[in-house]
Every structure is written in C-alpha cells, then in structure tokens.
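Residue numbers (the numbering used here): 205 to 475. Worksheet: one structure, shown below.
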Ligand code: 13P
C-alpha cells in the first residue's frame, strides 16, 4: 500500500520573487491522479511557494518541504533554522542530503537528531542515503547505506512507530549520480530499495512494521527521459528530483510517468 511520490529539490535555486510562479506552473502541469507531489524550495522561498500554491486550485495537492532542519530546537546557532520555525511554512523536510553530508559535515548521528526534531514539529521527513562511487565499485554500496540507516535511525532515539506515523520516506541517492547526468541502473536502484527495507527491518524491535510500507524514492539525474527506468520498478516509489525539477516540461514528463506507476498499482490492488 505504498504511495507514489515525486519530490522536487530546488537546492540553492529560485528567489522569493520567482519561486511562487514556478511552483504554481509546476502544480498546474503535474496534476496527475495518484501521485503525491512535494516542492522543496530554499528556506527564504517557503512562504512565497506556500502562498502561491494556496492562491490557486491547482496548488491544493502539492506539499511544501524544507531542504534541511537544525538538530536543536532553538539556541545560539547563527544562520540556522529550527523545526518549530518551519511550522506553518512546510509540512515536509529533507534530512541527510549528501550535499549537506559533504559540505556541512553532517553525520548519521546528527541526521538522526534532525529526524527527531522534524517529528516533534509534525514534519514528514525524507531521509537521504547513498554511497560514493568508490564504495559501489568496491561492492560496498548496500553495507554503506545500511550503516547510514542504522546510524541515523538509531540516533533518532524515538520509537520506530513514530517514524511510521510521520510517514518517513527514504530517498536513495547514489552520490555519483547527483548532478552528473549519470543515473544508476533501474535494477540496481530497485535492489537497493529492497536492501533499504531489509536493513530497516533488521534495526530492532518495531522496525519491521516500519520497513514493510517504507516508501523509497530514487534520486540522481532523474529526467523525463530517465524516470521510466526507475518508476517501472515495483520496489521504487517515486523520485527526488534536483536539476530537472526547475524545468516545467521535465517535471510534467516525470509526474506523468509516475501516474502510470500509480495507475498500475491501483489496477493491481496494491496502491
Ligand atoms: P539531480 O537530479 O540534479 O541529480 O539531483 C538529485 C538530488 O540531489 C535530489 O535531491
């Protein structure tokens, strides 16, 4: 009974002056039955995107997400954003993106604490995991991702049931496929999605129930042309889209392909 989700990660693109218009255009061009859509703009564009979506009927089905959240609720953390500040602006949040692991030194333990703050604020988390190219070439991709899951979901410190209740989503984003134009193979991404559910289920008591229905998205150079390779895989529940999410035609194609997956699942009685 897993949903089909297409999430847009705008990264450090758009401004408060133009984000609203892009969001409403995307919303209007991607209204496809059975596909959950989420737009994650920069923090400073959250209000513009929220307001623009609220002002048009097409915006009704589109969620708004932040790209990060601090691991503490508040305090002397110059330039940071705490989860309570996001309430009313966003209902989703990305945590553990590889660009933040790389540029901000985020560890699995820290990412686990971010998950905790997100849940306390009622935000739905998209937890990103993924291996480096050298790790894949050494045959260690699944072990690396399992370790990321263990580190962050153990660091979370709360009940696995709370993660399930919040609707935790995992995004598998192999680092070597992000922004490179090089995608993983659909079969490899699907194998990883299964490995993610298995590894989550093995984390301890209570995690098996979470793992069964855990949505796993693929991310890394997804375009309208490549989306089918991933969305045709029953183990994969959607995509986290970077560069192509700023392009209306690309997103229209990606969400249309996701709609076929959703329709297929409905017909098979599994969605
Ligand atoms: P690209 O789609 O630009 O490769 O980015 C993927 C990503 O990092 C989404 O979070």
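Note that the Cβ used here is the ideal one computed from N, Cα and C, for glycine as well. Bear in mind the structure is a predicted one, so any value in this text is a computation, not a measurement.
- When DSSP states are grouped into helix, strand and coil, residue 288 belongs to the helix group.
- In chain order, 257 place their CB closer than 8 Å to the CB of residue 264, counting only its own chain and leaving out the 5 sequence neighbours on each side.
- The beta carbon of residue 232 sits closer than 7 Å to the beta carbons of 262 from its chain, once the five residues preceding and following it are set aside; these are given in chain order.
- When distances are taken from the beta-carbon of residue 272 to the heavy atoms of the ligand 13P, even the shortest one reaches 7 Å or more.
- The segment 323–337 makes no contact with the segment 406–418; the number of CB pairs closer than 8 Å stays below 3.
- CA-to-CA, the gap between residue 464 and residue 280 works out to about 48 Å.
- Fewer than three Cβ pairs drawn from the segment 215–223 and the segment 428–441 lie within less than 8 Å of each other, which leaves the two stretches out of contact.
- For residue 364, the enclosing alpha helix (DSSP H) begins and ends at 364–370.
- In the DSSP assignment, the residues bridged to residue 244 are 213.
- Contact between residue 269 and residue 297 holds, with the beta-carbon distance rounding to 6 Å and staying under 8 Å.
- Checking the 7 Å criterion, the Cβ of residue 243 is out of range of every heavy atom belonging to the ligand 13P.
- Around the beta carbon of residue 205, a 10 Å sphere encloses fewer than 16 other beta carbons of the protein chains shown; the residue is thus reported as exposed.
- The Cβ-Cβ distance between residue 372 and residue 418 falls below 8 Å.
- When DSSP states are grouped into helix, strand and coil, residue 261 belongs to the helix group.
- According to DSSP, residue 281 shares a beta bridge with no other residue.
- Distances from the alpha-carbon of residue 405 to those of 387, 364, 438 and 376 put 364 closest.
- Rounded to the nearest whole angstrom, the C-alpha separation of residue 386 and residue 429 is 12 Å.
- Within its own chain, the residues whose Cβ lies closer than 7 Å to the Cβ of residue 312, once the five positions on either side in sequence are excluded, are 352, 355, 356 and 359, listed in chain order.
- For residue 327, no alpha helix (DSSP H) encloses it, and the DSSP letter there is neither H nor E.
- Under the 10 Å beta carbon count, residue 288 is surrounded by fewer than 16 other beta carbons and is classified as exposed.
- Here the alpha carbon of residue 283 sits roughly 13 Å from the alpha carbon of residue 275.
- Residue pairing from DSSP places residue 443 in a beta bridge opposite 210 and 422.
- If you draw a straight line from the Cα of residue 397 to the Cα of residue 462, it is about 17 Å long.
- Selection 286, 245 and 466 evaluated against residue 326 yields 286 as nearest (Cα-Cα).
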